[in-house]
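> In the working numbering, the protein residues as written are 318 to 880.
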RNA sequence: GUCCCAGUAGCUCAGUGGAUAGAGCGACCGCCUCCUAAGCGGUAGGCCACGGGUUCAACUCCCGUCUGGGACACCA
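(1) What number of angstroms, rounded off, separates the C-alpha of residue 875 from the C-alpha of residue 540?
(2) Could you give the uninterrupted runs of the alpha helix (DSSP H) lying entirely in the region 413 to 501, keeping only those of 4 residues or more?
(3) In the DSSP assignment, what residue or residues form a beta bridge with residue 624?
(4) Using DSSP with H/G/I as helix, E/B as strand and the rest coil, what is residue 619?
(5) Would you give the residue range spanned by the beta strand (DSSP E) that residue 739 belongs to?
(6) Alpha carbon to alpha carbon, how far is residue 866 from residue 779?
(7) How is residue 728 classed by DSSP in three states: helix, strand or coil?
(8) To the nearest angstrom, report how far apart residue 643 and residue 673 are at their CA atoms.
(9) My output table needs one value for residue 892: the three-state DSSP class, helix, strand or coil.
(10) Count the other CB atoms within 10 Å of the CB of residue 447; is the residue buried (16 or more) or exposed (fewer)?
(11) In whole angstroms, what is the alpha-carbon distance linking residue 398 and residue 367?
(12) Among residues of its own chain, excluding the 5 on either side of residue 351, which ones have a beta-carbon nearer than 6 angstroms to its beta-carbon?
(13) Going by beta-carbon coordinates alone, are residue 359 and residue 802 separated by less than 8 angstroms?
(14) Taking C-beta to C-beta, are residue 807 and residue 819 nearer than 8 angstroms?
(15) Would you grab the beta carbon distance between residue 460 and residue 504 for me? Rounded to a whole angstrom, and I think it's under 8 angstroms.
(16) What does the alpha-carbon distance come out to for the pair residue 638 and residue 582?
(17) Roughly how many angstroms lie between the CA atoms of residue 794 and residue 852, to the nearest whole one?
(18) In the DSSP assignment, find the alpha helix (DSSP H) that holds residue 639 and state where it starts and stops.
(19) Strictly by DSSP, which residues pair up with residue 369?
(20) Am I right that residue 429 and residue 736 are in contact with their C-beta atoms under 8 angstroms? What's the rounded C-beta distance?
(21) Threshold first: 4 residues or longer. Then list the alpha helix (DSSP H) segments lying entirely within the region 771 to 831, N to C.
(22) Taking all protein chains shown into account, decide if residue 322 is buried (16 or more other Cβ within 10 angstroms of its Cβ) or exposed.
(23) Could you check which residue in 833, 838 and 688 has the C-alpha nearest to that of residue 664?
(24) Can you tell me whether residue 846 is buried or exposed? The criterion is at least 16 other CB atoms within 10 Å of its CB, across all chains shown.
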């Protein structure tokens, strides 16, 4: 576990120690089912202390003792434990048997020194150390601009990558490029038609960007127009592919989203790789032939139908690529493959998991599929549907132009992906409370302003100016408590693959800070002499700025020093 | 028909089995001659869709019902 939130783990260990002592002394019956781990809760209500545990309630049944009696025994044992009694200033039994714990001031100071000493590393942990994760997201066809359907993953996927890395995982971010198949040929045909000024294929691509591509390509390669039909289509296709992929990379870069690997679907069929994959699957015994086609018997593992890999005409079905790609990832050494798919692909979940099973893997461990619901975008109260350039829906680039990278990313990340969301452009452009990204960034900028003033006034702050005994105001306690939560928020966001938890935490932290700021004067007033309290509060501000900056970095959103 | 997701304040939505279910907006009332008002405080507003079950404890887990959205090719 991380060393960041030390005090909490110390108490958790102390409770376990106390329980085992109580059992061995006979105070609690040996039949009592003591858990292996205890996780302290953070009570919502401040009257319930800094931490609370309901362990006494949970043990009531198996011990046959009333919960409050167990709580009383526990309280006594904790008070007798030197390490614990020093760390806590109060242990209260409340309600049906909750144990409410209040930290001693010195223990609270420990959080601040940890934050200041670890700096940008505060929040990182090793909960996923040694786990090699392949994180695949966006994976758009290279046949057009990235649109609204891709934006959510561009932001959430990138943030999840950062969160997983912070939890110690070895993360590779991968973009799967669907660069083969019918769609690519239609793409080439469409560009060629635009170049020649003839009718485009019915089911082809019709956006204005096709004309742009055609002009660009013809400008540098006028000879493409006069090639023999198939060669011409191929030439336009490959040139258009290169331009479009470059454009996607550029826009994703603007979005502050980065990939380690751009994986080409075509490459799955080079150097006999597909046959190698097929052989591997055959060895596992779930491949069969029927009606001249080659199938994978995914129904062995709960899929509703078997899937064709090689069609009876000898061509590859899309599932052939899925299968080979899966094998490729596993052979490249990844323990966990995370797929981030749109809601329109949720039907893939069963077959991908079945595929993992067919490959001899554990679908509950080696593969993790996240389904993102759709995003709508509103402007002037109306849904935006059409994009002039793409001919379909709003592009990622247009979204960035409208609201900026920070607002776009933050808003996309702050909701769990399994709820459909609506982005209101007018709200995202507003500079008020209703726009959470500004609320959070403003807290950071505000602190930076205070610290600039502190420096001007010669107020010392830093790890040697914590003075925990002076930070006794309720708002100060709240703030310190919130800061200490960060490491476990990061760990749970990584474990649950839910980066939105970082954003929600951030909003909570910013709110706690603003309230602290309103109630606790940081710098000397008028001709007041600088004191240790000023230094202590400035140090608390510095610690808060660090945690806000670390959180924002994890979302890929900037932390401005002035606004 | 089968499968997935959702249903929480007037609106947009948080809420990893715990105590009195939260935030922002909208409504109403307050707070800047001194650290950033892009901020803070207060009031009003809830059968957590409905019915069962599991549990010491359910908005949370399980089953069913209703409503809304989406998916179900030898397409990619």
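Ideal placement from N, C-alpha and C gives every residue a C-beta, glycine not left out.
On the basis of the supplied data:
(1) 47 angstroms
(2) You should have 422 to 435 and 465 to 483.
(3) 613
(4) coil
(5) 738 to 741
(6) 17 angstroms
(7) helix
(8) Cα to Cα, the separation comes out at about 8 angstroms.
(9) In the structure as shown, the chain begins at 318 and stops at 880. Residue 892 is therefore absent and cannot be evaluated.
(10) Around the Cβ of residue 447, a 10 Å sphere holds fewer than 16 other Cβ atoms; the residue is exposed.
(11) 19 angstroms
(12) 336
(13) Against a cut-off of 8 angstroms, the Cβ pair of residue 802 and residue 359 comes out as a contact.
(14) In this structure, residue 819 lies closer than 8 angstroms to residue 807 by Cβ.
(15) That pair is a contact at about 4 angstroms.
(16) 7 angstroms
(17) 16 angstroms
(18) 635 to 648
(19) Answer is 358 and 417, bridged to residue 369.
(20) That belief does not hold up - the Cβ atoms of residue 429 and residue 736 are roughly 36 angstroms apart, past 8 angstroms.
(21) 791 to 813
(22) Confidence in residue 322 is poor, its pLDDT being 49 and thus under 50, which makes the residue's placement too unreliable to answer from.
(23) Across the set 833, 838 and 688, the C-alpha of 688 shows the shortest separation from the C-alpha of residue 664.
(24) Around the beta carbon of residue 846, a 10 Å sphere encloses fewer than 16 other beta carbons of the protein chains shown; the residue is thus reported as exposed.
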